[in-house]
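In my numbering, the protein residues as written are 47 to 199.
Structural data, given as structure tokens:
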């Protein structure tokens, strides 16, 4: 199972402009709703905010992995966004977030959901890979880097 089985080039954001968590989640929800037919921005945002209410998905080290399960979704959706200036995300280490992988899964896909979360986490533990993601300015190049790393893991 690869991240790029679920991440498409149109779901890569090269520069997230939001500076706070709520604005970032709203923007990301809009991006997903615009790219995946049948999904509503407000429903995506509710799922993400409900998950954040349980505890921040800002896992530290400049990384956040907002995620949740949605009814009406027929397959997993992954989005990647980068913010060079950083987003105040209430991360566990209190530092701004620069790399965000958003994951939405169908209600009944607990196993797939957890496997993809684990794969994303393993990929982002490689500091050199994260540093490279911060250096690239074009969405297509970010997607290519993620795909290359995904295939080599």
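Idealized CB from N, CA, C, for every residue including glycine.
Computed from a predicted model, the values in this text were never measured in an experiment.
Could you pull the start and end residues of the alpha helix (DSSP H) that residue i belongs to?
i, result
"residue 93", "87 to 100"
"residue 157", "156 to 170"
Would you kindly check if the distance between the Cβ of residue j and the Cβ of residue i is under 8 Å?
i, j, result
"residue 71", "residue 124", "no"
"residue 122", "residue 92", "no"
"residue 133", "residue 62", "yes"
"residue 76", "residue 87", "yes"
"residue 137", "residue 104", "yes"
"residue 189", "residue 83", "no"
Looking at the unbroken beta strand (DSSP E) that takes in residue i, where does it start and where does it end?
i, result
"residue 54", "53 to 59"
"residue 118", "Careful: residue 118 lies outside any beta strand (DSSP E) and carries neither H nor E."
"residue 49", "Neither: residue 49 is in no beta strand (DSSP E) and is coded neither H nor E."
Assuming residue i contacts residue j (C-beta within less than 8 Å), just tell me the rounded distance between them.
i, j, result
"residue 170", "residue 90", "Not really, about 22 Å apart at Cβ, beyond 8 Å."
"residue 184", "residue 60", "6 Å"
"residue 195", "residue 175", "5 Å"
"residue 192", "residue 126", "6 Å"
"residue 139", "residue 101", "At roughly 14 Å, the Cβ-Cβ gap does not stay under 8 Å, so residue 139 and residue 101 are not in contact."
"residue 163", "residue 149", "6 Å"
"residue 151", "residue 119", "7 Å"
"residue 49", "residue 173", "Not really, about 18 Å apart at Cβ, beyond 8 Å."
Quick check on the burial criterion: 16 or more other C-beta atoms within 10 angstroms. Buried or exposed for residue i?
i, result
"residue 112", "buried"
"residue 98", "buried"
"residue 40", "Past the edges of the chain, shown from 47 to 199, lies residue 40, and the structure says nothing about it."
"residue 67", "buried"
"residue 180", "exposed"
"residue 128", "buried"
"residue 116", "buried"
"residue 160", "exposed"
"residue 186", "exposed"
"residue 156", "exposed"
Helix, strand or coil for residue i? Go by DSSP, reduced to three states.
i, result
"residue 82", "coil"
"residue 111", "coil"
"residue 175", "helix"
"residue 129", "strand"
"residue 147", "strand"
"residue 191", "helix"
"residue 181", "helix"
"residue 136", "coil"
"residue 66", "strand"
Given 7 Å as the limit, tell me if residue i has its C-beta closer than that to any heavy atom belonging to the ligand COA.
i, result
"residue 49", "What this structure holds is no ligand at all, so the ligand COA is not there to describe."
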